[in-house]
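Numbering (full-length UniProt numbering), first residue to last: 1 to 121. Have a look at the structure below before the remarks.
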Amino acid sequence: MEKCPICYHELEVRDCAPCDDCGWDPREINHLKQGIHTYNTYEVYNGLQLTLCNFCDVDFGSYRPEYFGFTHGKRLGFRQFVFVKELVDPQVVKDKYCPKCSMRLKFLTFLSAVRALNTMK
């Protein structure tokens, strides 16, 4: 994929920490190297999974419902997540990144899928 699935801006490749939410931020690579965070994979919504650090998983509920295409104030939050696995020996990974959306492709793909599910309702 060469373009962002949300805004269609051209994507760039960059090193990322394992967190699908904040891992695009170069500071997070330093946090990874210092062992500041732990990383878990969760089923977040309707079978869709994300790997999140121990900050982003509990902060996930701060996203506005409209961002994911929800109506009536429904929020995605840690209490609804289904634990899948812990990342043992997390490493820096390559991913694509949208400089306009400030998100890595793994999160943008998740976001696009959630929005699509919500438009089908």
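Every residue gets a Cβ at the ideal spot worked out from N, C-alpha and C, and that includes glycine.
C-alpha distance - residue i paired with residue j, whole-angstrom precision
i      : j      : result
Cys7   : Ser102 : 11 Å
Gly61  : Val44  : 11 Å
Glu86  : Thr71  : 32 Å
Lys100 : Glu10  : 9 Å
Asp95  : Pro5   : 14 Å
Pro18  : Arg64  : 23 Å
Arg75  : Gly69  : 10 Å
Exposure label - residue i; buried when at least 16 CB within 10 Å
i      : result
Phe81  : buried
Asp89  : exposed
Phe107 : buried
Phe83  : exposed
Tyr42  : buried
Lys33  : exposed
Arg104 : buried
Tyr67  : exposed
Gly47  : exposed
Gly35  : exposed
Gly73  : exposed
Opposing strand residues paired with residue i [DSSP bridges]
i      : result
Asp15  : Lys94
Met103 : Cys98
Glu10  : Lys3
As an exercise, report each continuous beta strand (DSSP E) stretch of at least 3 residues that is fully enclosed by the segment 36–98, in chain order. 39–45, 48–53, 82–86 and 93–98
For the 8 Å Cβ check, are there 3 or more pairs between the segment 25–33 and the segment 108–118? no
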